[in-house]
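First up is the structure itself, then whatever we jot down about it.
Number of protein chains: 4
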Amino acid sequence: MPSSWGKIFRVSTYGESHGVSVGVVIDGVPAGLPFPAEEIQRDLTRRRPGQNDLTTPRDEEDRVMVESGVFEGKTTGSPILLKVNNKNTIGADYDEMAHVFRPSHADYTYSEKYGHRAHVGGGRSSVRETIGRVAAGGLARVILKRELGIETIAWVDSVGQIDSNIAEPQFPPSREFVDQFPTRCPDKNVNDQMETLIRKLRDEGDSVGGVVKAIVRNLPPGLGDPVYDKLDADLAKALLSISACKGFEVGSGFSGTRQTGSIHNDEFYLEDGTGKVKTRTNNSGGIQGGISNGMDLVVRAAFKPTSTIKKEQKTVNDQNEETVLKAKGRHDPCVLPRAVPIVEAVINLVLIDAYFYQRSLQPKWFLKYANLDNIPNQ
Amino acid sequence: MPSSWGKIFRVSTYGESHGVSVGVVIDGVPAGLPFPAEEIQRDLTRRRPGQNDLTTPRDEEDRVMVESGVFEGKTTGSPILLKVNNKNTIGADYDEMAHVFRPSHADYTYSEKYGHRAHVGGGRSSVRETIGRVAAGGLARVILKRELGIETIAWVDSVGQIDSNIAEPQFPPSREFVDQFPTRCPDKNVNDQMETLIRKLRDEGDSVGGVVKAIVRNLPPGLGDPVYDKLDADLAKALLSISACKGFEVGSGFSGTRQTGSIHNDEFYLEDGTGKVKTRTNNSGGIQGGISNGMDLVVRAAFKPTSTIKKEQKTVNDQNEETVLKAKGRHDPCVLPRAVPIVEAVINLVLIDAYFYQRSLQPKWFLKYANLDNIPNQ
Amino acid sequence: MPSSWGKIFRVSTYGESHGVSVGVVIDGVPAGLPFPAEEIQRDLTRRRPGQNDLTTPRDEEDRVMVESGVFEGKTTGSPILLKVNNKNTIGADYDEMAHVFRPSHADYTYSEKYGHRAHVGGGRSSVRETIGRVAAGGLARVILKRELGIETIAWVDSVGQIDSNIAEPQFPPSREFVDQFPTRCPDKNVNDQMETLIRKLRDEGDSVGGVVKAIVRNLPPGLGDPVYDKLDADLAKALLSISACKGFEVGSGFSGTRQTGSIHNDEFYLEDGTGKVKTRTNNSGGIQGGISNGMDLVVRAAFKPTSTIKKEQKTVNDQNEETVLKAKGRHDPCVLPRAVPIVEAVINLVLIDAYFYQRSLQPKWFLKYANLDNIPNQ
Amino acid sequence: MPSSWGKIFRVSTYGESHGVSVGVVIDGVPAGLPFPAEEIQRDLTRRRPGQNDLTTPRDEEDRVMVESGVFEGKTTGSPILLKVNNKNTIGADYDEMAHVFRPSHADYTYSEKYGHRAHVGGGRSSVRETIGRVAAGGLARVILKRELGIETIAWVDSVGQIDSNIAEPQFPPSREFVDQFPTRCPDKNVNDQMETLIRKLRDEGDSVGGVVKAIVRNLPPGLGDPVYDKLDADLAKALLSISACKGFEVGSGFSGTRQTGSIHNDEFYLEDGTGKVKTRTNNSGGIQGGISNGMDLVVRAAFKPTSTIKKEQKTVNDQNEETVLKAKGRHDPCVLPRAVPIVEAVINLVLIDAYFYQRSLQPKWFLKYANLDNIPNQ
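Protein chains in written order, with the UniProt record's numbering: chain C, 1 to 378; chain U, 1 to 378; chain B, 1 to 378; chain E, 1 to 378.
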């Protein structure tokens, strides 16, 4: 069950809900960096359930523990183990589902793949697995900001039929602003409609899907590779590797396929004052030929409705009998608000690995774009 | 420039338009398999330009050569080098573009990344890179068919504003049927509209995008992994790694985000006669929790309009001057028909690697699902 | 600081002496295997310091904790985190050495590589890192024994000038027999001489090196690859990756270079009764062309004398001044006895990965050699 | 059959004697470097058979062809395919051996592993595989020299019972000096004895082994990693991955195990004038804790006698019958002279990958040690 990511900044997560802890080992971290424990904790707190009544009422504390790789507040260059202990959450709710395959859930496929059920909290399919990635993503975020000025910001773009229309790059101004809205859709009016819909569905025992949009600012040109490890290909994998994600777009995405080249192409111009090469439109979403072009990176990720619902559904059990399931337990009626920090984390993990790879092979690029003052003597 | 793919069935492509050859080294091929040289050639011929007047008139012969790894018609277990020689196609058309960045092309990003232009045929961004992947995909296709019965079929789902409505799994019946239509959209009426549109845009020096859809039949449950190397995540990366691809969907994709869980969930039932576990709907697109569930796998990939067009466009050059470009040369007004075999190839490459990984770790699964009679004694 | 091993059975260790814990994440473990917690604990206890007066008197309890990947006594297929908590062992002994480079130790090279000292317990160079590998090796050992009957046994072959002459394959009969000797040299007479030497050097504040020899029994032919991942090449890396290892031999090793081919070659014959292909001599050490040949695998590993000694040594400090060091603290005067279980562990890690890779690519080989009854239904 | 090497500067070889060509794809080469085609050809010529009457009389021309990754004399950043065409060398000599397992050769193990013989030229076990590595090693050599001043020099240290006693670092002065001696043992007297022995054994149809020694000069401190990817562990794997290599030593190797720590330890001092940290002895062989320490790197590799000899040997065939073999064909009576450039090549491949990895993670180290003037603008 490959659980690792990255060529150089290498992230390996472990843990299921039913074990002692979930976490991550991060290898390939330069030595001598100030370790941002508080920033990582803040990111973990953002993904935590129980933040408001729109998400699952399970209240997990999620205190991050650093078991290796940091000494006297600095990274040592060794693998960093970050973990969060599990509480014992296995209850009667799960026992009931132990032998019934939840529709559109990973129960059946786990059973066929491994010969056993992973009903207890969903095994590795549990969204708790993302704790490790959010923690590692927090470290990546801080390094990217210090050395290149990069900022990744995600928000909820739509829930069910309710669309927002947040114009970038003016919006959203910051992660803090996004967090002021319970749905993490930073438009007061749309947020309120979404809240109403989510509460209604929650009360009906139902769920709903939606779309997260993210931009990355201050991305220098030159990250990503022209063939397999294209920046957009790696981002697509990163986003699709989040539970419930069913679609990915960069830039104009599916709507761009409707256009002609003469309309779709992003014409280049020289920015007044700086002389920097810019494009007038950004249908490319900041990536051309798999490589960042210096414009804002823009991606969207589709999340299906939560599959575990309290409404009655027809299904089969592990004795090969047809049956009926009415799920119990605590489940998010809409994963979108909590998906936002996870989307940011996996984007930052892709970017830092592309950055470390690029600076290995093209060191003059590094000297041109990185802020050397913010890189500790080594 | 990482150009490799796969954990076990490992594919590494090389080559640019301006070099001697393009091709692929395939490592991790079992010994003793009959080598399907003709089937591979057929796949390469399907991706070749110049097949009809909808695609670029460059006529490349693309004869595959086998330089290692095959002896007396059988694989030896050694790396297999497959290659196609380049013709010398560098002409005045390209010289003109040598110092001008084509809008929405990889020229500018290459320049910033590597400090040099890759104007001659697009460097590794050239669609010729896919020759290696199509050749390797052909080998994968034959092994998957023999050992598991798997069949991957892709077709053009839309071009510009023109949508088809091909119902699967009845349609399309076969790759041969798809190939009867110049656009590779296997609906006579829709194909004709698409042909008209593409010809019109070609004559105007313009281009248009579209969507390729693919299904995989007879996929056993159990392929793919629950976390990073989810089957859909690997497919997303594979498809986005094709030039001009800007979006990916599995199953209900973006439209599924509009629905409630009670409508979207795929209820399980037992198939009459076989007793097999099936789902009534297939919004999951054949994948649940990152693992195949035994239903048809269904994915869609968005391709933007070809960026190289003959209409005049504003841009800048490598002397940091604003200028105007009117591209010459031969370019596909619509990449969709030729994208079809490439999409099939990268899907088959993802599937065979997931299969080889799964049979390594869960050999009893292998004994249950594989056709042992079609696996040579080793 | 790459800390991972293996293509399929993938082992990633983490941890330093000064952190909270040291341990390992094992990915690529089949689901449904009985988890041998007690066998793993036994292996860890064998590598523990403080077992007798020949080794460092530090008494570490080294209780292994399983934080993920095991449920109700069976592996789930998920990454398995095994760890051992550190006691707080940082004392004045280390402070004294904080700014002085110990001769032949990793202090100076760490400092040049990372820009910081790893004086506290040696950072990742600490032999505590091997806890993770011994734990993972224990799991590998049990799987190899159940599925293929393989047994790996190591012992101390020489200490300083004192050589043993243990004839394999009769000797040593078992790991239990080896453990009856404090030096782990299973020859009473030689063991006693070694004990005397080690005690004498310990009392003088000095140290001594030696050689560990290991054999692997019941290894089927066919493991290892012909080119880079040759079985002996992977074993060489595995053994050299243990601290203080400075040399490796397989089969006749350096002494074989003195011979002619006609004497050195291992002639084949058919074993009476079984008809199995065997060799009369075993100068190949069980490996020909990088691939196991069914004979006992035989390797030797050279360990230099412990570099931290209590005798006065000239050296320099991190202020670039010449100085004199007389190390304090508790250190093994001879690492050999404790190296034995570590050598076994890394050999088993190499073998299991070669096995999983081979059964992926050549499944008919698997059907021929593996004991299918001992592989759980999956 | 994994045939790849390296994390960043990634080398993948392909090819067998019976195919069209043998060669290598090198990925992870920075763009903009002058491509040293002639230097690479010179390295290939050094490993070529037929150079004098001590080696196999097969005269292979071994002209390297560059099929991708180089444009107008400079690397493009794309994968570089280097290859050498095979001549058709399959003759009656091999047919005779088609069904008989050569003692101590890879015939039998290949057969058990893959279910087929690789008798024609030894398949991937053929020393022709090293053409790819020598070509890639030549590129690595030139980059290491330009950017860090590193020089790797190997020579024959012993043949059979005949030892040389070349003192480093004064000797050998250069690769050119080594090449003046037919045995590549740069001591006239010893070379002559070796020549006599090799000719005698050749005439008897026999063979003999020996040891290659290598040093690396001007290696900066800081290359290699403290745990798995220790510089000496990677070198051990690299050397053992060469056919016929059966042993490896770094620094004092096996002889160091005889000593006490107080004698073996390399005391540090400050070099007069430069103030550089040096060691008085070099038992560490330039590596401490897996990381280079700035002293000369010193390794030795043991090569067994060539297994294919013309003397009669007892063996078995692939019909499970005992038989007798008297090999025909042209074989090196002693591989040592030709092993020298191969040893240099694999060492340089290990070093360049360690360098690229280190400069990725510790860029300030790079700014301190690399010659920036020799790195092209990118």
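Cβ coordinates follow ideal geometry from the N, Cα and C atoms, glycine included.
Query	Result
In terms of residue numbering, what span does the beta strand (DSSP E) encompassing residue 27 of chain E cover?	21-27
Please classify residue 87 of chain C as buried or exposed, where buried requires at least 16 neighbouring CB atoms within 10 angstroms.	exposed
Please report how far the alpha carbon of residue 367 of chain B lies from the alpha carbon of residue 278 of chain B, in whole angstroms.	21 angstroms
Need the endpoints of the alpha helix (DSSP H) that residue 12 of chain U sits in, please.	From DSSP, residue 12 of chain U is part of no alpha helix (DSSP H) but of the beta strand (DSSP E) over 10-14.
Mind checking whether residue 3 of chain C and residue 25 of chain B have CB atoms under 9 angstroms apart?	yes
Can at least three beta-carbon pairs, one atom from the segment 130-141 of chain U and one from the segment 75-85 of chain U, be found at a separation below 8 angstroms?	yes
Look at the alpha carbon of residue 211 of chain E and the alpha carbon of residue 6 of chain C, and state the distance between them as a whole number of angstroms.	39 angstroms
For residue 110 of chain C, which of helix, strand or coil comes out of DSSP?	helix
Taking Cβ positions, are residue 353 of chain U and residue 9 of chain U nearer each other than 9 angstroms?	yes
Short check: CB of residue 190 of chain C to CB of residue 234 of chain C, under 9 angstroms?	no
Where do the ends of the alpha helix (DSSP H) carrying residue 191 of chain U lie?	188-203
Kindly indicate which three-state DSSP category residue 128 of chain C falls into: helix, strand or coil?	helix
Below 7 angstroms CB to CB, which residues in the same chain sit around residue 187 of chain E once its five sequence neighbours on both sides are set aside?	164, 166
From what residue to what residue does the alpha helix (DSSP H) around residue 345 of chain U run?	336-361
Roughly how many angstroms lie between the CA atoms of residue 21 of chain U and residue 67 of chain E, to the nearest whole one?	6 angstroms
The ligand GTP and residue 115 of chain E: does any heavy atom of the ligand fall closer than 8 angstroms to the residue's C-beta?	What this structure holds is no ligand at all, so the ligand GTP is not there to describe.
Is there a Cβ from chain B that is less than 9 angstroms from the Cβ of residue 282 of chain C?	no
Determine whether the Cβ of residue 254 of chain C lies closer than 9 angstroms to any Cβ atom of chain U.	yes
Name the chain C residues that come within less than 8 angstroms of residue 5 of chain U, Cβ to Cβ?	228
Looking only at its own chain, which residues have a Cβ that is under 6 angstroms from the Cβ of residue 344 of chain U, when we skip the five neighbours before and after it?	152, 154
Is there a Cβ of chain U sitting closer than 9 angstroms to that of residue 105 of chain C, yes or no?	yes
So is residue 379 of chain C in contact with chain E if we call contact Cβ pairs under 9 angstroms?	In the structure as shown, chain C begins at 1 and stops at 378. Residue 379 of chain C is therefore absent and cannot be evaluated.
DSSP has residue 34 of chain B in a bridge; who is on the other side?	B/74
In the DSSP assignment, find the unbroken alpha helix (DSSP H) run with residue 225 of chain C in it and report its ends.	Element bounds for residue 225 of chain C: n/a, residue is neither H nor E.
What's the gap between the Cα of residue 142 of chain B and the Cα of residue 36 of chain B?	7 angstroms
Are there 16 or more other CB atoms within 10 angstroms of the CB of residue 16 of chain U, so buried, or fewer, so exposed?	buried
Check each residue of the segment 261-276 of chain B: if its Cβ is closer than 7 angstroms to any Cβ of chain E, include it; give the result in chain order.	261, 262, 264, 265, 266, 267, 268, 269, 270, 275
Just verifying my parser: in three-state terms, what is the DSSP assignment at residue 248 of chain B?	strand
Suppose the cutoff is 6 angstroms on Cβ atoms and the five residues either side in sequence are ignored; what does the same chain contact list for residue 333 of chain E look like?	198, 201, 202, 207
Just mark residue 339 of chain C as buried or exposed, buried being the case when its beta carbon has 16 or more other beta carbons within 10 Å.	buried
Let's see if you can read the secondary structure: which residues bound the alpha helix (DSSP H) around residue 263 of chain C?	261-264
Does residue 356 of chain B come within less than 9 angstroms of chain U when only Cβ atoms are used?	yes
For a contact meaning CB atoms closer than 9 angstroms, what does residue 30 of chain B contact in chain E?	By Cβ distance, chain E contributes nothing, its closest Cβ being about 21 angstroms from residue 30 of chain B, past 9 angstroms.
What is the rounded straight-line gap between the Cα of residue 209 of chain E and the Cα of residue 306 of chain E?	7 angstroms
Run through the DSSP bridge pairs and tell me what residue 158 of chain C is partnered with.	C/163, C/211
Looking only at its own chain, which residues have a Cβ that is under 7 angstroms from the Cβ of residue 108 of chain B, when we skip the five neighbours before and after it?	101
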